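K.L.:
Residue numbers (the working numbering), protein chains in the order written: chain X, 20 to 174; chain C, 2 to 84. Even glycine gets a Cβ: it sits at the ideal position worked out from N, Cα and C. None of the values given here were measured: they were computed from a predicted structure.
(1) Within 7 angstroms of any Cβ in chain C, is that where the Cβ of residue 129 of chain X sits?
(2) Kindly indicate which three-state DSSP category residue 142 of chain X falls into: helix, strand or coil?
(3) Could you give the DSSP three-state label for residue 95 of chain X: helix, strand or coil?
(4) Can you check whether the C-beta of residue 81 of chain C is within less than 7 angstroms of a C-beta belonging to chain X?
(5) Please name the residue, chosen from X:34, X:129, X:150, that lies closest to residue 99 of chain X on a Cα-to-Cα basis.
(6) Say whether chain C places a C-beta atom closer than 7 angstroms to the C-beta of residue 154 of chain X.
(7) How big is the Cα-Cα spacing for residue 22 of chain C and residue 76 of chain X?
(8) At which residues does the beta strand (DSSP E) containing residue 76 of chain X begin and terminate?
(9) For the beta strand (DSSP E) that residue 204 of chain X lies in, which residues bound it at each end?
(10) From the beta carbon of residue 8 of chain C, is the nearest beta carbon of chain X less than 7 angstroms away?
(11) Let me know the secondary structure DSSP gives residue 51 of chain C once reduced to three states.
(12) Run the CB neighbour count on residue 112 of chain X, radius 10 Å, all protein chains shown included, and call it buried at 16 or more, exposed below.
(13) When the Cα atoms are used, what is the spatial distance from residue 30 of chain X to residue 107 of chain X?
(14) How many Å lie between residue 48 of chain C and residue 76 of chain C at the Cα?
(15) Quick test of the definition: if touching needs 3 or more C-beta pairs under 8 angstroms, does the stretch 86-97 of chain X touch the stretch 54-74 of chain X?
(16) Tell me which same chain residues have a C-beta within less than 6 angstroms of the C-beta of residue 55 of chain X, skipping the five on either side of it?
(17) Note down the Cα distance separating residue 33 of chain X from residue 115 of chain X, rounded to an integer number of angstroms.
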């Protein structure tokens, strides 16, 4: 049951149906596929935005996502796991990130997908810059206070 | 060692990466931030709130007291907004 997770970082959009098919076709042991897709909203803090630009740390982003995918695969009985994270300029309504978790039964798929998204939000080295009528500004991480020491994780 | 900067840390300093050779007394990530801050106004501006800055050594998140000896690549960046 140990399948390698599919992890991609790309500028292009992703096709959710095709990604799901990649996890299910040719096998009859998948009973559940949970899909999370993150989408660019049209406003940030009630201010309309024209676009988001996502920057990332090549090398570390893949490594960090893989670390968490590996943890998810070891904690839950998954038949497959896919993470696709877009970078570059993304406009409202467009996809940003995809997490697919497949398993025999739904509990593992639901939990793994949520776990992975929570980890991506906290630890994945991507940064969003928003464009609005006021200009461009970096979006601030939510839930972090200035005492950042406690939030750094040791390897 | 190579130092990389991302997001507004990079914008404030004005470069994406550079090679540095900190002296022996610079042992931890925190020490390195202090040492880099003295390189010029742009660095001081980027690191004016060191507690907001995150770091990674060789693609792994580290705490401010992490030792830098042996590191090939150290990156500094703001709190992440991925996902």
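P.N.:
Reading from the atomic positions:
(1) By this cut-off, residue 129 of chain X is not an interface position.
(2) Reduced to three states, the DSSP call for residue 142 of chain X is helix.
(3) Of the three classes helix, strand and coil, the one that applies to residue 95 of chain X here is coil, per DSSP.
(4) Judged by the 7 angstroms Cβ criterion, residue 81 of chain C is in contact with chain X.
(5) Here the closest residue by C-alpha is X:129.
(6) Taking 7 angstroms as the threshold, the shortest C-beta distance from residue 154 of chain X to chain C does not fall below it.
(7) Going from the Cα of residue 22 of chain C to the Cα of residue 76 of chain X covers about 22 angstroms.
(8) Per DSSP, residue 76 of chain X belongs to no beta strand (DSSP E) and is neither H nor E.
(9) Given a span of 20 to 174 for chain X in the structure shown, any question on residue 204 of chain X remains unanswerable.
(10) For residue 8 of chain C, the nearest CB of chain X lies under 7 angstroms from its own CB, placing it at the interface with that chain.
(11) Under the three-state reduction of DSSP output, residue 51 of chain C falls in the helix class.
(12) Residue 112 of chain X sits exposed, since fewer than 16 C-beta atoms from the chains shown fall within 10 Å of its C-beta.
(13) The alpha-carbon atoms of residue 30 of chain X and residue 107 of chain X are separated by roughly 6 angstroms.
(14) Distance from the CA atom of residue 48 of chain C to the CA atom of residue 76 of chain C, rounded to whole angstroms, is 13 angstroms.
(15) Taking a contact to require three or more Cβ pairs closer than 8 angstroms, the stretch 86-97 of chain X and the stretch 54-74 of chain X do not qualify as touching.
(16) Sequence-distant partners of residue 55 of chain X (beyond 5 residues in either direction) whose C-beta falls short of 6 angstroms from its own C-beta, in its chain, are 118, 132, 136.
(17) Rounded to whole angstroms, residue 33 of chain X to residue 115 of chain X spans 9 angstroms at the Cα level.
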